[in-house]
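K.L.:
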Amino acid sequence: MAKIISIVNQKGGVGKTTTAVNLSAAVGQMGYRVLLADIDPQGNSTSGFGVNKREISLSSYEIITSQAAIEDAILKTDCENVYILPSNMNLAGAEIEIIEVEKRESILKTALLKVSDKFDYIFID
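Numbering (the numbering used here), first residue to last: 124 to 248.
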C-alpha cells in the first residue's frame with residue numbers, strides 16, 4: 124500500500140508543482156515506485172515530466188468524471204520508477220460536471236486506492 128502525500132497550498136506560485144516533480148524524481152531515483160497525480164488543470168507536473176498535455180488521450184479529468192479507469196490513464200515517464208496521472212485544461216470543468224454526484228469528495232481517493240498496491244509513494248499535485 125502506497126503512502127499518499129498531497130502537496131497543497133491555497134496560494135499560487137509557492138512551489139507546489141516544483142516540489143511535487145522534484146520529490147517524485149528523487150524518490151524514484153532512490154528505487155521506490157512513484158505515481159505523481161497531476162490534479163491541476165494547468166498540467167505543469169505533466170509537462171514537467173515531458174508529457175505533451177495536448178496529446179494525452181486520458182487524464183485526471185476522465186478519472187474524476189468517471190469516464191475511464193485510472194489504470195488506463197497512468198503513463199510511464201522517462202524518469203526512473205516514476206509514473207504520472209496526467210492533467211490538462213479539461214479538468215477545469217470537472218467540478219461543475221460532478222456537482223450532483225454522490226460521494227464526489229471520494230472519487231480521487233477511491234481511484235488512487237485501486238492502484239496503491241503498485242506504488243510505494245503517490246504524490247498529489
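All C-beta atoms, glycine included, are put in the ideal place defined by N, C-alpha and C.
Compare the Cα-Cα distances from Ile127 to each of Leu146, Gln133, Gly136 and report the closest residue.
P.N.:
Taking the first residue of the sequence shown as position 1, residue 127 is located at position 4. When each option's Cα is compared against that of Ile127, the closest is Leu146.
K.L.:
Nearest by alpha-carbon distance to Ser239: which of Glu194, Asp201, Ser210 is it?
P.N.:
Start at 1 with the first residue of the sequence shown, and residue 239 comes out as number 116. With distances taken between Cα atoms, Ser239 lies closest to Glu194.
K.L.:
Are the segment 134-143 and the segment 228-237 touching by the rule of at least three beta carbon pairs closer than 8 angstroms?
P.N.:
Output reads no: the segment 228-237 does not touch the segment 134-143.
K.L.:
Which first and last residues belong to the alpha helix (DSSP H) in which Lys139 is found?
P.N.:
The residue given as residue 139 occupies position 16 in the sequence shown. According to the DSSP assignment, Lys139 belongs to the alpha helix (DSSP H) that extends over 139-152.
K.L.:
Going by C-alpha to C-alpha distance, which of Ser129, Val131, Ser182, Asn204 sits closest to Val150?
P.N.:
For this step, residue 150 is matched to residue 27 along the sequence shown. When only C-alpha atoms are compared, the closest one is Asn204.
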